[in-house]
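Going left to right, the sequence shown walks through residues 9 to 372 as the numbering used here numbers them. Every residue gets a Cβ at the ideal spot worked out from N, C-alpha and C, and that includes glycine.
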Amino acid sequence: MTPSLGLAMIVRDEAQDLPRCLASVQDVVEQVVIVDTGSRDQTIEIAQAWGAQVIQSAWENDFAQARNVSLKAIQTDWVLVLDADEALVPEVKQTIQASIEQHDLIAIALLRHEVGVIPPYSAVSRLFRRHPDIYFSRPYHETIDDAVLALMQQEPHWQIGQLEGVAIQHWGYTPSRLQHRDKVTQAIVIMSEYLAAHPEDAYICAKLGGMYLQAGQWDLAQITLEQGLNISAIEPSVASELHYQLGNYYSQVGRQEPAIEQYQAAIREEIPPITKISAQIRLAQAWSRQKNYGQAIAAYETVITLAPEFPLAWQNLGVIYLKLGQIQTSRKYFLEAIHRLKITDPAEAQRLQSELAAMGFILT
């Protein structure tokens, strides 16, 4: 018998994005549970129109608590977790169905595309068996990882799977959305309070340090990230993120040498190669600032090998070859960048094309 799959969500004022999210899973999930934490728009009506079970729950400044309310209502064998500003990629639907039929898997890591931002990809634990010992923890950047690892220690036969290719598209980290919803301020308040009570949580150090960087609070970012790196027995993915964010700190304050060292340390961690793209890009940018174009080209070429659809690497290589006076090679990379931007960001493609034409590039 094929295992059943349900969708669990938490929402608040998501009338604009919710239909896209629900449409992406309508032929995959058998149950939809949506916990609403105080919507004032048409979110609840939209959810009900799509056949979702809506649970209204007071917001307690704790994302894990709200997600766990949704898990208690799910009745399917497996659970998929999405936010309203996300959508399931159509190409992975059959793969998901096949994966949840594997009897030894307790959870499956999914690759999420962060639309319009760097890092462009992240691995997220959003698909897992319904199990009484699997629940979310941490009030912000909540995760099931701790619960899953604890369960695997008790029951060693369980394994964690990895779905190939991008499974989720996410629009929520674009600068306009972060500013509109004041997510950075909210995140800093919640996570700083949590870290004060849990100073050995390297995961929260990485996330909070990154938020301090977004807010321009450089000193707090450095202190928090170094606190995380001084914690023992850090998971490779967390260590990589700490090094990456510390590299961003050094880059912001104009110290390229330590920035390069931190990006290289992030890349050395044993994590999926595609999730190293952000560090490779930042490393290439740091090399470029030092006019070490050979190293920068090598780093960008690595990005293209891992993710040829990513326009920024092609565009920046075009800039480097233009600086080196290699016009035809530069043109080749700019054309590739425009081709890919037409798919992901047509307005940016037109802007780049116009600027290059004004510089005398023949792009036809």
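Residue j beta carbon less than 9 Å from that of residue i
i      : j      : result
His165 : Lys215 : no
Val123 : Thr283 : no
Pro316 : Leu349 : no
Ala274 : Ser248 : yes
Cys213 : Gly180 : no
Leu15  : Leu30  : yes
Trp226 : Gln260 : yes
Val174 : Arg120 : yes
Val33  : Leu88  : yes
Ala294 : Ala267 : yes
Ala155 : Thr193 : no
Pro127 : Ile285 : yes
Leu314 : Tyr257 : no
Pro244 : Ile279 : yes
Leu343 : Leu371 : yes
Ile328 : Ser296 : yes
Residue range of the alpha helix (DSSP H) that includes residue i
i      : result
Arg339 : 335-352
Trp58  : First-last for Trp58: undefined, no H or E at that position.
Phe71  : 71-81
Val156 : 153-162
His251 : 244-260
Glu269 : 264-276
Val327 : 319-331
Residue i to residue j span [Cα, whole Å]
i      : j      : result
Gln167 : Ala115 : 7 Å
Ile196 : Thr337 : 44 Å
Leu118 : Met160 : 19 Å
Met219 : Ile198 : 11 Å
Gln50  : Ser78  : 20 Å
Phe369 : Gly255 : 35 Å
His251 : Glu265 : 14 Å
Lys101 : Val36  : 7 Å
Ile52  : Glu109 : 33 Å
Ala60  : Val19  : 12 Å
Ile242 : Ile335 : 46 Å
Asn76  : Ile82  : 10 Å
Gln105 : Leu291 : 38 Å
Ile239 : Gln270 : 17 Å
Ala306 : Leu171 : 28 Å
Ile176 : Val97  : 6 Å
Ala304 : Asp21  : 43 Å
Tyr129 : Val311 : 12 Å
Ser366 : Asp153 : Note that residue 366 corresponds to Ala in the displayed sequence, not to Ser. Between Ala366 and Asp153, the C-alpha separation is close to 51 Å.
Glu387 : Ser107 : Past the edges of the chain, shown from 9 to 372, lies residue 387, and the structure says nothing about it.
Boundaries (first-last residue) of the beta strand (DSSP E) holding residue i
i      : result
Ser133 : 129-137
Met17  : 13-19
Ala23  : Counting along the chain, Ala23 falls outside any beta strand (DSSP E), and DSSP gives it neither H nor E.
Glu309 : Where Glu309 is concerned, there is no enclosing beta strand (DSSP E), although the alpha helix (DSSP H) it sits in stretches over 301-314.
Ala66  : Per DSSP, Ala66 belongs to no beta strand (DSSP E) and is neither H nor E.
Arg120 : 113-122
Gln177 : 167-178
Original post:
Are the segment 89-98 and the segment 23-34 in contact at 8 Å, needing three or more beta carbon pairs?
Top reply: They touch, by the three-pair rule.
Original post:
Does the pairing of the segment 140-155 with the segment 202-215 give three or more beta-carbon distances under 8 Å?
Top reply: The segment 140-155 is in contact with the segment 202-215.
**OP:** Specify whether the segment 35-46 and the segment 61-77 touch according to this definition: at least 3 beta carbon pairs, one from each stretch, less than 8 Å apart.
**Re:** yes
Subject >> Uninterrupted beta strand (DSSP E) stretches inside the segment 188-229 (no shorter than 3 residues) >> reply: none
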